[in-house]
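Participant: Numbering-wise, the first sequence is residues 107 to 657 according to our numbering.
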Amino acid sequence: MTTFPFVVSSEPSLFEVSLMHWSDVMAKRLAERGDQHIVATGITPSGEFHIGHLREILTGDMIARAARRAGMDAELVFVVDNADPLRKVYPFLDASYEAFIGHQLGSIPAPDAEGKPDWDRFNNEGWSYGDHFLQPFLEALRQIGVVPRLLPNLEAYRAGKFSKAAKVACDNPHAIREIIERVSGRELPDDWFPWQPLDSKGSLDGTVITDYEYPLVHWTDSHGQSGSSDIEKGEGKLPWRLDWPAKWGFNQITCEPFGKDHGAAGGSYDTGKEIALLFGHEPPAPLTYEWISLKGKGAMSSSSGNTVGPMEALRLVPPEILRFLVANSKPSKAIEFDTGMGLVNLADEYERLTARDFDTEMKDENLSRRKQVQIEDAKVALELSAIHEQEKPSATSISFRHMALLAQIKPNDEDVWASLRDSGGPPEPTPQLEDRLKRMRAWIASEHFPEDMRINICQSPDKEAMEHLNDLQRLVLVHLNETLGEAIWTADGITAAFKAAGQAAEVGMKDVYRACYALFMAAERGPRLAPILANCNRGDILELVNIALET
RNA sequence: GGGCCUGUAGCUCAGUCAGGUAGAGCGUCGGACUUUUAAUCCGAUGGUCGCGGGUUCGAACCCCGUCGGGCCCGCCA
């Protein structure tokens with residue numbers, strides 16, 4: 107008998123490390139700190155949001171859910187970094203935005219359809235640049251089952267929430283400088299000061315600090331103007347490396363996932379955790395995650411237009427599949443988002459998982475440890491994929507592939523439901539299924555739908571496919587010309603014509619279908635032909651058979 | 001220069017934290033369903049765990065080195 111040194115004899119705890127999903131590992135870490143948690147996420151609304159940003163939010167959401175499942179209180183918050191400045195005139199912006207560079211995203215007008223500043227909405231409704239990009243993202247979040255408490259950063263500055271930290275920083279610029287220089291290994295300019303005042307035009311760039319008398323930071327700007335910035339009234343902002351740890355404090359953040367850029371040694375989390383202590387609070391438990399890139403196109407980037415937006419993704423993919431993508435990948439794993447075949451496989455894997463009974467599987471005592479890990483991981487990933495936290499993910503029992511076929515073959519939804527009914531599906535379409543079909547149709551209509559999945563009826567006979575047919579199979583075509591010509595143009599009628607052609611040619615149905623698939627789809631096999639042909643133009647199909655016979 | 005992630009079956013990846021007989025899904029191939037919604041079911045196929053050393057009774061896993069891919073250390077959150 108083999109003994110495994112790693113088997114501990116004590117009773118299995120909820121936190122049996124070897125059997126944990128990544129979200130549970132984080133929950134365990136949080137449990138060591140207490141049972142009240144605020145999980146933070148944060149994004150700068152500088153441009154179009156993309157599914158890369160979804161990972162940030164979903165990672166946080168899943169940690170919060172895991173903490174709640176383990177019996178803790180946990181809330182998800184979303185810091186909207188609208189106090190950050192506009193960095194440059196992005197390609198989607200009009201050149202007039204040049205004047206706003208350095209200005210805070212929450213204090214400048216949103217671009218209109220032509221990329222020009224929309225002053226009307228800005229002046230009348232206060233509709234800002236940040237709002238413009240945030241709004242659709244929030245809608246996508248709602249669909250995907252994430253409703254975080256929003257913490258707009260600019261408003262936090264104006265409300266004086268940064269006052270305490272800003273005072274500590276401005277009172278101790280040398281201590282801050284020491285931390286940043288030592289931990290990040292870079293040298294700060296001599297005139298560096300831990301506060302960025304707004305200049306005479308409202309920009310955070312280009313000011314020189316001339317003096318500090320709490321609560322005022324005195325400055326001169328690039329326009330030759332000078333003035334004072336009150337650090338308690340949001341007349342400026344803390345530099346990012348201080349801004350972040352300051353937010354941890356007054357928002358009482360206990361956990362925050364962030365992209366790998368922040369997580370690098372000497373990066374902003376490293377300096378942040380020391381600065382947090384200086385501010386007087388513990389840094390949150392970190393979790394570094396990898397980026398999501400687009401398959402074959404590299405990293406996602408708003409400015410290059412190389413993105414799939416959350417709303418676009420949701421038109422194609424059911425939200426639970428998007429959640430599953432994140433839940434099923436360890437945060438350290440880079441995700442390649444593939445809107446083609448990868449998506450089909452992902453969705454079908456999801457469907458297969460929903461059909462499994464994990465509890466029963468786990469009862470098998472002969473399972474290897476490895477197997478147990480797999481089951482546990484899959485089970486938790488599936489739970490986290492549910493849009494609503496409490497609900498069990500339900501199986502549609504219709505694979506993505508199958509749905510893709512039906513949606514292509516049947517232009518009318520009713521026919522799809524009828525077909526499902528006939529093949530043992532649900533008597534009435536569930537709302538979930540209707541939703542699936544709607545998204546599937548959008549996907550098929552989009553450029554993202556993989557060619558491999560597309561059903562194409564040949565316009566003319568494919569030479570190569572036809573050459574592979576033997577004489578017997580060719581003979582079928584002769585009879586097919588006749589039987590099909592007389593057939594009633596319905597699925598049943600066409601099926602009957604196939605049979606009749608087979609009988610006339612005295613060959614088995616296998617050869618009939620071989621011949622048909624070669625002719626109609628240039629393939630050896632395929633989806634059931636008759637219903638597809640029934641939806642095609644009769645004249646075109648007969649013409650196709652004719653041409654084939656002539657050549 | 002410093003650091004992080006990553007390399008396992010044709011593909012996507014588990015497994016590395018706590019060393020104990022290389023795993024899953026997809027794909028491919030074959031069969032069944034007396035023929036079909038790329039379906040389903042069964043079976044088969046498949047890997048010098050990037051490479052080289054070391055530690056060990058035993059290494060995908062730990063240590064050292066090396067090669068390849070991605071990335072960060074410039075307030076770009």
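The beta-carbon is built from N, C-alpha and C at its ideal position, and this holds for glycine as well.
By the 10 Å Cβ neighbour count, where 16 or more other Cβ atoms means buried, how is Val658 classified, buried or exposed?
Facilitator: Since the displayed the chain opens at 107 and closes at 657, residue 658 lies outside it and no answer follows.
Participant: Skipping 5 residues on each side, what residues in its chain have a beta carbon closer than 6 Å to that of Gly632?
Facilitator: Residue 632 sits at position 526 when you count from the first residue of the first sequence. Here the set comprises Tyr623.
Participant: For Pro517, does the count of other Cβ atoms within 10 angstroms reach 16, so buried, or fall short, so exposed?
Facilitator: Within the first sequence, the letter at position 411 stands for residue 517. Its Cβ having fewer than 16 others within 10 Å, Pro517 is exposed.
Participant: Given Pro321, which residues of its chain have a CB within under 6 Å of its CB, disregarding the five upstream and five downstream residues?
Facilitator: Residue 321 sits at position 215 when you count from the first residue of the first sequence. Closer than 6 Å at Cβ, skipping near neighbours: Asp336, Ile337, Glu338.
Participant: With DSSP run on the structure shown, which of helix, strand or coil describes Thr108?
Facilitator: In the first sequence, residue 108 corresponds to position 2, counting from 1. The predicted position of Thr108 is uncertain, since its pLDDT is 28 and thus under 50; a value taken from the coordinates is nonetheless stated next. Three-state result, Thr108: coil.
Participant: Where Glu47 and Phe364 are concerned, what is the direct C-alpha to C-alpha distance, given to the nearest angstrom?
Facilitator: An answer regarding residue 47 cannot be provided, because it is not within the stretch 107 to 657 covered by the chain.
Participant: On the CB-based measure, 16 or more other CB atoms within 10 Å of its CB, does Asp297 come out buried or exposed?
Facilitator: Here residue 297 corresponds to residue number 191 of the first sequence, with the count starting at 1. So Asp297 counts as exposed.
Participant: Among the residues of its own chain, which have a CB less than 6 Å from the CB of Asp277, if the five just before and after it don't count?
Facilitator: If you number the first sequence from 1, residue 277 lands on position 171. Cβ neighbours of Asp277 beyond the five flanking positions: none.
Participant: Can the beta-carbon of Ala513 be found less than 9 Å from the beta-carbon of Ile550?
Facilitator: As a first step, residue 513 must be located in the first sequence, where it is residue number 407. As a first step, residue 550 must be located in the first sequence, where it is residue number 444. Contact flag set, yes.
Participant: Quick check: what's the CA-CA separation for Gly158 versus Trp397?
Facilitator: Working through the first sequence from its first residue, we reach residue 158 at position 52. Working through the first sequence from its first residue, we reach residue 397 at position 291. Computed Cα separation, rounded: 6 Å.
Participant: Is Gly448 helix, strand or coil by DSSP?
Facilitator: Within the first sequence, residue 448 is the residue found at index 342, counting from 1. DSSP places Gly448 in helix when its eight states are reduced to three.
Participant: So, at 7 Å on beta carbons, what are the nonlocal neighbours of Arg545 in its own chain, with the 5 sequence-adjacent residues on each side left out?
Facilitator: Taking the first residue of the first sequence as 1, we reach residue 545 at position 439. Arg421, Leu422, Val423, Pro424, listed in sequence order.
Participant: With distance defined between alpha-carbon atoms, name the residue in Ile214, His554, Ile647 nearest to Thr589.
Facilitator: Residue mapping note: residue 589 aligns to position 483 of the first sequence, counting from 1. Considering only alpha carbons, the answer is Ile647.
Participant: For Ala461, count neighbouring Cβ atoms within 10 angstroms of its own Cβ and tell me buried if that reaches 16, exposed if not.
Facilitator: In the first sequence, counting from the first residue as 1, residue 461 sits at position 355. Answer is exposed; the Cβ neighbour count stays below 16.
Participant: For Ile504, name the three-state secondary structure that DSSP assigns.
Facilitator: Position 398 of the first sequence holds residue 504. If DSSP states are grouped into helix, strand and coil, Ile504 belongs with coil.
Participant: May I ask you to report which of helix, strand or coil DSSP gives Leu257?
Facilitator: As a working note, residue 257 is residue 151 in the first sequence. Three-state DSSP puts Leu257 in a strand.
Participant: Given this structure, state the Cα-to-Cα distance separating Ile371 from Glu287, to the nearest angstrom.
Facilitator: As a first step, residue 371 must be located in the first sequence, where it is residue number 265. As a first step, residue 287 must be located in the first sequence, where it is residue number 181. A small correction: the amino acid at residue 371 is Ala; Ile does not occupy that position in the sequence shown. Roughly 13 Å between the two C-alpha positions.
Participant: Per DSSP, what are the beta-bridge partners of Gln331 in this structure?
Facilitator: If you number the first sequence from 1, residue 331 lands on position 225. Gln331 pairs with nothing; no bridge assigned.
Participant: Quick one: using the 10 Å Cβ neighbour count with 16 as the cut-off for buried, is Leu256 buried or exposed?
Facilitator: As a first step, residue 256 is located in the first sequence; it is residue number 150 there, counting from the start. By the 10 Å Cβ count, Leu256 comes out exposed.
Participant: Flag this pair as yes or no: are the beta carbons of Ala492 and Gly251 separated by less than 9 Å?
Facilitator: Indexing the first sequence from 1 puts residue 492 at position 386. Indexing the first sequence from 1 puts residue 251 at position 145. Yes, these two residues count as a Cβ contact at 9 Å.
Participant: Alpha carbon to alpha carbon, what distance is there between Ala382 and Thr445?
Facilitator: To locate residue 445, count along the first sequence from 1; it is residue 339. To locate residue 382, count along the first sequence from 1; it is residue 276. Distance between the alpha carbons of Thr445 and Ala382 is about 41 Å.
Participant: Taking Leu543 as the reference, which of Asp528, Cys564, Asp521 has the closest Cα?
Facilitator: Along the first sequence, one-based indexing puts residue 543 at 437. Of the listed residues, the one whose Cα sits closest to Leu543 is Asp521.
Participant: Pull up the distance between the alpha-carbon of Val123 and that of Val131, whole angstroms please.
Facilitator: The residue given as residue 123 occupies position 17 in the first sequence. The residue given as residue 131 occupies position 25 in the first sequence. Caution is warranted here: a pLDDT of 43 is assigned to Val123, below 50, making its placement in the model unreliable, and no coordinate value can be reported.
Participant: Between Pro535 and Trp523, what straight-line distance do the alpha-carbon atoms span, to the nearest angstrom?
Facilitator: Counting from one through the first sequence, the residue named residue 535 turns up at place 429. Counting from one through the first sequence, the residue named residue 523 turns up at place 417. Approximately 6 Å between the Cα atoms of the pair.
Participant: Look up Trp549 in the DSSP assignment and say whether it is helix, strand or coil.
Facilitator: Along the first sequence, one-based indexing puts residue 549 at 443. Three-state DSSP puts Trp549 in a helix.
Participant: Assuming Gln142 is part of the alpha helix (DSSP H), what are its boundary residues?
Facilitator: Locating residue 142 in the first sequence gives position 36, where the first residue counts as 1. It is not in any alpha helix (DSSP H) - Gln142 instead sits in the beta strand (DSSP E) that spans 142–149.
Participant: Please state the DSSP three-state secondary structure of Ala282.
Facilitator: Along the first sequence, read from residue 1 onward, the residue named residue 282 stands at position 176. It should be noted that the sequence gives Ile, not Ala, for residue 282. Reduced to three states, the DSSP call for Ile282 is helix.
Participant: Going by C-alpha distance, which of Phe299, Glu362, Ala602 is nearest His585?
Facilitator: Within the first sequence, the letter at position 479 stands for residue 585. Closest by alpha carbon: Ala602.
Participant: How big is the Cα-Cα spacing for Leu655 and Ala628?
Facilitator: The residue labelled residue 655 in the question sits at position 549 within the first sequence. The residue labelled residue 628 in the question sits at position 522 within the first sequence. Taking the straight line from one Cα to the other gives about 15 Å.
Participant: Taking contact to mean at least 3 C-beta pairs separated by less than 8 Å, is the region 309–319 in contact with the region 424–434?
Facilitator: The answer is no - the region 424–434 does not touch the region 309–319, with fewer than three Cβ pairs under 8 Å.
Participant: Would Gln496 be called buried (16 or more neighbouring beta carbons within 10 Å of its own) or exposed?
Facilitator: In the first sequence, the residue the question calls residue 496 occupies position 390. By the 10 Å Cβ count, Gln496 comes out exposed.
Participant: Need the endpoints of the alpha helix (DSSP H) that Ile250 sits in, please.
Facilitator: Along the first sequence, read from residue 1 onward, the residue named residue 250 stands at position 144. Neither: Ile250 is in no alpha helix (DSSP H) and is coded neither H nor E.
Participant: Which residues in the same chain as Ser202 place their Cβ atom closer than 8 Å to its Cβ, once the five residues preceding and following it in sequence are excluded?
Facilitator: By 1-based counting over the first sequence, the position of residue 202 is 96. Around Ser202: Lys222, Pro223.
Participant: Just the C-alpha distance for Pro303 and Asn230, rounded to the nearest angstrom, thanks.
Facilitator: Taking the first residue of the first sequence as position 1, residue 303 is located at position 197. Taking the first residue of the first sequence as position 1, residue 230 is located at position 124. Roughly 27 Å between the two C-alpha positions.
Participant: Ser234 and Ala219: beta carbons closer than 9 Å?
Facilitator: Within the first sequence, residue 234 is the residue found at index 128, counting from 1. Within the first sequence, residue 219 is the residue found at index 113, counting from 1. No.
Participant: Rounded to the nearest angstrom, what separates Ala548 and Gln241 at their Cα positions?
Facilitator: For this step, residue 548 is matched to residue 442 along the first sequence. For this step, residue 241 is matched to residue 135 along the first sequence. Spanning the two alpha carbons is a distance of roughly 22 Å.
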